[in-house]
Every structure is written in C-alpha cells, then in structure tokens.
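Trainee:
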Amino acid sequence: MASSAANVGPVESNGIGLGEKRYAETPLRSEEPSRGSYKFKNKRMRKGHGNTSQILKTNGDNEEVLLRDVTSLIKSLDLRKESDAVSVTLPERLTEIQVEIKRISSTGDGLGVQKNSNSDQVYVVPFTAPGDVVTAKIFKHFEKERYSMADFVKIDTPSPHRDDSLVKCPYFASCSGCQFQMLPYSYQLAHKKTIVENAYKNFSNLPPELIPAIDDTIGSPLEYGYRTKLTPHFDGPPDARRSDGRNGIKRSFKEVPPIGFMKKGTRITIDIEDCPIGTEAVRKGNQRERKRVADNLSDYRKGATLLLRENTERIAKADFDATKDVNDEDAVLEDRGAHMHKKTCVTDPNAKTTEYIDDFQFVNPAGAFFQNNNSILPRFTQYIRDNILPPPPASPSQSPSPSQNQKPTIKHLIDAYSGSGLFTITLSALFTTSLGIDISSSSITSATHNALLNALPPSSATFIAADAAALFASISTPAAETVVMIDPPRKGCDESFLRQLVRYGPARVVYVSCNVHTQARDVGVLVGGVEGVDGVGVGRGKYVLESLRGFDFFPQTGHVEGVAVLRRKEGGEGVEEDGRV
Ligand SMILES: C[S@@+](CC[C@H](N)C(=O)[O-])C[C@H]1O[C@@H](n2cnc3c(N)ncnc32)[C@H](O)[C@@H]1O
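Numbering (full-length UniProt numbering), first residue to last: 1 to 581.
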C-alpha cells in the first residue's frame, strides 16, 4: 500500500531540519540562495557588513551581490551627477513601465533602466536578457540604493540573445526555480564566467593583478533532466495554522492543494505537475507522489515537503533480466556498456540511495546532502584530480631545477567539509593518507562506509565528525606534503578555520563552493594575508591563486559552482617557507 505522510521528513543532513515545514526554496537544494523578495534585514547589512568577523567583510548574500551589480551598472550608465540624485521622481508602486534590460545580475535577474527616461534608477526584472525591452510592474523601490524590484509582465522587443523556442517548461517565468531557459546554453555558460569574474572583483578585496584570468565555465553534459533530487511542497489547508487542533477544530483539505514550487518573488506555491530539470526517474517519482498525496489527502492536516531522490542500481549485462527489469514501470533503464543502470525514485529520507561517478560508488540516506547533478560529476571530479597536485613543467626549459626536485612530494589529503566522502574517495588514488571532517555525524558515517565500499581501508582514510575549525588539532601530516580541499556551505568558512588554515600553511588548497561570492572573500584572505598570522598588505598572504573557473551544476538557473586552486608561495614569492613575513 502506498505510504502516507510518514514519507515526508527531514531531507537534508547538514543541519537543516525541513520536516513538514515548507522550504524557503523551490527546486534547488536548500543551500542555494532564496529567490524571495530582496529585503535589507538591518542597517549593518545595508552597508554590507552583516558579518562580525574582522577578516570576513561580506556575507555574500543576494542583497549584497545585487547591490554591487546595481552600483556598477549605474556607474557605467553615467546618466546623471550625484547632485541630481534627489530630483528623480520614481514611478508609483504597482505601475507598469517599459524597461530596457542592460545586463544580467549575478543573482540571475535582468537589470535595466526605464525606457525614454534619463533616470538611472535600476529596475530588477527577472526572466529577461540584455537587449530586451519589457513591460515590468514595480513592487518595491529601494530609493537610497537606487534600484527597484519589478515583476516581469511581457516582452515588448526581444533581445537578440533570447530564443523562446528553447523554453521547455510551461511554468518558466512564473516558477522561481529557473531563470535562463530562454537563453542558449553557450550564453548561459559565458554569463556564469562573468559571475565568477565579478565575485572576485567585488568580494575578494584583491588587486586585479593577483586574480588570474577566469577559465571558461565547464558545462553540464545534461542541460535538462539532470537534477537527481527535487523537493516539491504543498501548503496546509486554509486556516490550518489558526486552528491546529488547539480549539478542537482540525482542518482538512477540501481539495488537492497546489504541489510544486514558489511563484517568483512570492510565498505562493504553484502547482507544477512536471519539472523538466529533474531526471527521468525523479520526474516519474513526482507523478507517483502527487497521486499518492491526492489519494491520501485525508491523512494530511498540514503542508509538507516531498522528497524525490534518484537511486541507481548497477546490473551487469550478464545478470540483466529483460523480462523482470524492463517491465518495472517505475524504473528508467540506461545502457552503460558493460552494465545497465536501473534508476528509480526514492521518497523516504532515511532509505539508502546509491549513485555512481565513473566506477566510484556512493551510498547515502536519500535525505542527506549529495551533489545534485550526477551527469557533471565525472568531469568535475576528473578536473579536481587533474589540478589538486602541482602542474607538471610546461616545457623542457621549465623542468625543475635540482633544488626544486628536492621539494617534498604531496602525499596527504585533508578533505574539510567532506560530506559523505565525495573528494576523499574520488581523489584517493593520488594520496597515501586522507582525513575527512564534517560537522554532520550521519555524513561521516556514510563517508566511512563509502570509503570501504570503494576499497579505501581505514589505515588510509580517516573521518572525523566535528566542526572544520577543530581539524587543526588532529593534523599530523607535514604542511609541505599536504593538500587541503575545502567545500563549505554557502556561507563559506569562518574566521577561526581560515586563521588556522593559514597558520598551518598546506602546500596547496583547492576551494570548491556553490557560492562564489563567499569563496572570493575567503580566497582573498588566503592570498591577501591575515593580520597576526602572515601579515597584511597587498599580496602578503601565503597563497597564490593558480586557477579559477566555474562548473555549471545547475543549467537554466543563475547558479555556478566555483573551483579555485591555490598554491603556497615559495620563499622567493614574498613570504618565508615557514610562513613568517
Ligand atoms: C556543500 S557540502 C559539501 C559536501 C561534500 N564535499 C560533497 O561535495 O558531497 C558542505 C558540507 O559541509 C558540512 N558543514 C557545514 N558546516 C560545517 C562546519 N562548521 N564544519 C564542518 N563541516 C561543516 C555540511 O554538513 C556539508 O556536508
């Protein structure tokens, strides 16, 4: 029998209990930025100094990122002098105006100015591209910050970059999940490169000469059908909150509520019967779950979040039973050469799901964190393998001198924020020992299990459940022989972690992040220097930024995953080998 509301529960491992609460998000993982209304939460944030750290001067949140982009656009327009600023009369709220879109912000929205006006008030209009002239309905002015938020109403003149025939979802331009379906994929990738560029320009606090040219964004093999996890939700019955049983009245649903994701810029859930960025197995699971909720509606008193997570069963061709496996209508079969992949959708957050990256196997609770785009993971993990160790000399003339030959070989990996062991395991062939650390004890349990599954014995891979900043107390490997991988949540690293990392001074650092703005801030600290640890001043830090690029884990959306590779400076590059300046 179909299970009922019991299948709905916490669906993330990293400290975010989602239970029957509604996600603040739509289809994206809950670490991704909320795309609700942009509100300055307090005066400190208005100035972009919400973070109390001495060395971390930004939170890298949407408001701050947007404000930087708005300010940069205003500067480039140069339509008026500062002294004119007070004289501009803004259109009434809820009026419709024509906006000429000039740029796309790093938050994924179009930024433009009112057509036929000499005002440089910037209008933020989602689902638009540079060159579009659109009708937009204003809903909020930020007068001091000189921008206004507006809803997209219609296209008046399309941008040459826009191709609406590419749009695959009827809810596009209403659902808050995707921003770029109307843009060719090459354009999306080029835009994501500028997001990385602007993040380092605006948030690293580094002079341009210390930031390398950003490499092209690596695309996802699947532009649709890539998300291995979706979490649609529905709201409780009308008045459920007021009645919730205390006054003896229990509300129930009179009809099936909308089940889906948030309408852009609102807290309203729209009914979305299908989401084309989900994998085929996840989309099938969505149909099944929607029907299950409708069939069991009387079991529900509240809203809920549904978990849809892909599971892969790998079956050797010799063992594949066409009569049994082909007839499973919930499964999706993929021919992978020597074996078949049978994909299904799991909805119980505690049930185990399996995923393969090349021949590496990962087993995790369905509700736990794991990267959501399996199609890009072989490319991504290969890139990290190719870059985590020092590059070979480019030509015979650059071959290492005898003294360089004596440099210690890098043999040890520290995987900070290791989750269930993605990097420890996929990099294991390069290192003699690996140490993973994650604050989530259930992720560490999975990591330990996954290491064994992939023939990594405890003698070569150790995992600790603790705050990343506690890591440095357990490190026994020499810094000159160690690489540290960092993949923190959106908020980035904390000051204590960064100070200890710099004090330890590993030979190389590879920093992966789903928020390139906090990544730029933290990398700026490693390259720029930390007062009291390695001195301050331009380029006084212990590290050089070797390369920087984005990976497109989330096609059709404004998100980009950043990968920064850093090497510790040698004596001649500005700091002594032991870190003293
Ligand atoms: C973006 S995930 C990366 C996980 C893993 N590297 C992967 O790609 O699967 C961030 C991880 O950081 C962990 N985390 C969050 N705060 C932490 C902290 N203060 N110390 C250690 N780990 C933390 C979360 O539990 C989560 O597993």
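We treat Cβ as the ideally placed atom computed from N, Cα and C, and that holds for glycine. The structure displayed is predicted, hence computed values, not measured ones.
1. Helix, strand or coil for L206? Go by DSSP, reduced to three states.
2. Identify, in the order they occur along the chain, each residue of the same chain with its Cβ nearer than 8 Å to the Cβ of D69, setting aside the five sequence neighbours on each side.
3. Which residue marks the beginning of the alpha helix (DSSP H) containing A517, and which one marks its end?
4. Determine the closest residue to Q188 out of H161, A465, Y417, T448, with distance taken between C-alpha atoms.
5. I need the DSSP call for E145, collapsed to helix, strand or coil.
6. Considering only their Cβ atoms, is the gap separating R508 from R549 smaller than 7 Å?
7. Just to check my reading of the structure: Q371 and L422 have Cβ atoms closer than 8 Å, yes? What is that Cβ distance to the nearest angstrom?
8. Whole angstroms is fine: what's the gap from T381's alpha carbon to P207's?
9. Let me confirm a value: P555 is counted as buried when at least 16 other C-beta atoms fall within 10 Å, else exposed. Which label applies?
10. In chain order, what residues of the same chain have a beta carbon less than 6 Å from the beta carbon of M446, not counting five sequence neighbours either side?
11. Taking the alpha carbon of E289 as the reference point, which residue from D321, T344, M262, D319 has its own alpha carbon closest?
12. Looking only at DSSP bridge pairs, what is V484 linked to?
13. In terms of DSSP beta bridges, what is residue 608 paired with?
14. Nearest to A316 by CA position, among D415, P457, M340, C514, is which residue?
15. According to the neighbour-count rule (16 or more other Cβ atoms, all chains shown, within 10 Å of its Cβ), is T482 buried or exposed?
16. How about the region 344-363 and the region 304-316: do they share at least three Cβ pairs that are nearer than 8 Å?
17. Using the three-state DSSP reduction, which class does G562 fall into: helix, strand or coil?
18. Using the rule of at least 16 other Cβ atoms within 10 Å of the residue's Cβ for burial, across every protein chain shown, is T269 buried or exposed?
19. Below 8 Å, can you find three or more Cβ-Cβ pairs linking the region 555-565 to the region 217-228?
20. Given a cut-off of 7 Å, decide if P378 and I357 are closer than it, judged by their beta-carbon atoms.
21. Please work out which residues of its chain come closer than 7 Å, Cβ to Cβ, to E100, disregarding the five sequence neighbours upstream and downstream, and give them in chain order.
22. Report yes if the CB atom of I486 is closer than 7 Å to the CB atom of F463, and no otherwise.
23. Going by the beta-carbon positions, is the gap between I211 and V530 smaller than 7 Å?
24. May I ask whether a heavy atom of ligand 1 can be found less than 6 Å away from the beta carbon of G419?
25. Any heavy atom of ligand 1 within a distance shorter than 6 Å of the CB on D438?
26. Using the beta-carbon count (16 or more within 10 Å), is R29 buried or exposed?
27. Verify whether the separation of the beta carbon atoms of V484 and I376 is less than 7 Å.
28. Identify which residue in T312, E329, D328, D335 has its Cα closest to the Cα of A318.
29. Flag this pair as yes or no: are the beta carbons of V502 and K542 separated by less than 7 Å?
30. Can you give the Cα-Cα distance for D164 and M182, rounded to whole angstroms?
31. List in chain order: all unbroken beta strand (DSSP E) runs of 3+ residues lying wholly within the region 435-465.
32. When the Cα atoms are used, what is the spatial distance from D321 to A338?
33. Determine the direct distance from the alpha carbon of N387 to that of V565, and round the result to whole angstroms.
Mentor: Quick look at the numbers:
1. The count along the sequence shown starts at 1 and reaches residue 206 at position 206. L206: coil per DSSP, three-state reduction.
2. Indexing the sequence shown from 1 puts residue 69 at position 69. The answer, listed in chain order, is R103, S105, S106, T107, L111, N198.
3. For the purposes of this step, residue 517 is taken as residue 517 along the sequence shown, with counting starting at 1. The sequence given here has His at residue 517, not Ala. Counting along the chain, the alpha helix (DSSP H) containing H517 begins and ends at 516-528.
4. To locate residue 188, count along the sequence shown from 1; it is residue 188. It is H161 whose Cα lies nearest to the Cα of Q188.
5. As a first step, residue 145 must be located in the sequence shown, where it is residue number 145. Reduced to three states, the DSSP call for E145 is coil.
6. For the purposes of this step, residue 549 is identified with residue 549 of the sequence shown, where counting begins at 1. For the purposes of this step, residue 508 is identified with residue 508 of the sequence shown, where counting begins at 1. Contact flag unset, no.
7. Position 371 of the sequence shown, counting from 1, holds the residue named residue 371. Position 422 of the sequence shown, counting from 1, holds the residue named residue 422. At roughly 7 Å, the Cβ-Cβ gap stays under 8 Å, so Q371 and L422 are in contact.
8. As a position in the sequence shown, residue 381 is number 381, starting the count at 1. As a position in the sequence shown, residue 207 is number 207, starting the count at 1. Taking the straight line joining both Cα atoms gives about 30 Å.
9. Indexing the sequence shown from 1 puts residue 555 at position 555. With 16 or more Cβ atoms within 10 Å of its Cβ, P555 is classed as buried.
10. In the sequence shown, the residue the question calls residue 446 occupies position 446. It is Ser, not Met, that sits at residue 446 in the sequence shown. Counting only Cβ-Cβ distances below 6 Å, and skipping sequence neighbours, we find N364, S420.
11. Indexing the sequence shown from 1 puts residue 289 at position 289. Here the closest residue by C-alpha is T344.
12. On the sequence shown, residue 484 is found 484 positions in, with the first residue counted as 1. According to DSSP, which records beta bridges pairwise, V484 is partnered with I414, V509.
13. Outside the shown range of the chain (1 to 581) lies residue 608, about which nothing can therefore be said.
14. Numbered from its first residue, the sequence shown carries residue 316 at position 316. When each option's Cα is compared against that of A316, the closest is M340.
15. Residue mapping note: residue 482 aligns to position 482 of the sequence shown, counting from 1. Buried: at least 16 other Cβ atoms inside 10 Å.
16. yes
17. On the sequence shown, residue 562 is found 562 positions in, with the first residue counted as 1. Strand, per DSSP.
18. Numbered from its first residue, the sequence shown carries residue 269 at position 269. Answer is buried; the Cβ neighbour count reaches 16.
19. yes
20. Here the question's residue 357 lines up with position 357 in the sequence shown. Here the question's residue 378 lines up with position 378 in the sequence shown. Going by C-beta atoms, I357 is nearer than 7 Å to P378.
21. Here residue 100 is taken as the residue at index 100 of the sequence shown, counted from 1. So the qualifying residues of the chain are G112, V113, K115, V133.
22. The sequence position of residue 486 within the sequence shown is 486, counting from 1. The sequence position of residue 463 within the sequence shown is 463, counting from 1. No, they are not a contact pair.
23. The count along the sequence shown starts at 1 and reaches residue 211 at position 211. The count along the sequence shown starts at 1 and reaches residue 530 at position 530. No; because the gap between Cβ atoms is not below 7 Å, this pair is not in contact.
24. In the sequence shown, counting from the first residue as 1, residue 419 sits at position 419. Result yes, Cβ under 6 Å from ligand 1.
25. On the sequence shown, residue 438 is found 438 positions in, with the first residue counted as 1. True, at least one ligand heavy atom lies under 6 Å from that Cβ.
26. One-based indexing of the sequence shown puts residue 29 at position 29. Model confidence at R29 stands at a pLDDT of 32, short of 50, so the residue's coordinates are unreliable; what they give is reported in the following sentence. With 16 or more other Cβ atoms within 10 Å, it is buried.
27. Taking the sequence shown and counting its residues from 1, the one referred to as residue 484 is at position 484. Taking the sequence shown and counting its residues from 1, the one referred to as residue 376 is at position 376. Going by C-beta atoms, V484 is not nearer than 7 Å to I376.
28. What you label residue 318 is simply residue 318 of the sequence shown in a count that begins at 1. Answer by Cα proximity: D335.
29. Position 502 of the sequence shown, counted from the start, is the residue given in the question as residue 502. Position 542 of the sequence shown, counted from the start, is the residue given in the question as residue 542. Against a cut-off of 7 Å, the Cβ pair of K542 and V502 comes out as a contact.
30. In the sequence shown, residue 164 corresponds to position 164, counting from 1. In the sequence shown, residue 182 corresponds to position 182, counting from 1. About 5 Å.
31. 461-465
32. Start at 1 with the first residue of the sequence shown, and residue 321 comes out as number 321. Start at 1 with the first residue of the sequence shown, and residue 338 comes out as number 338. Roughly 14 Å between the two C-alpha positions.
33. The residue labelled residue 565 in the question sits at position 565 within the sequence shown. The residue labelled residue 387 in the question sits at position 387 within the sequence shown. One C-alpha to the other measures close to 7 Å.
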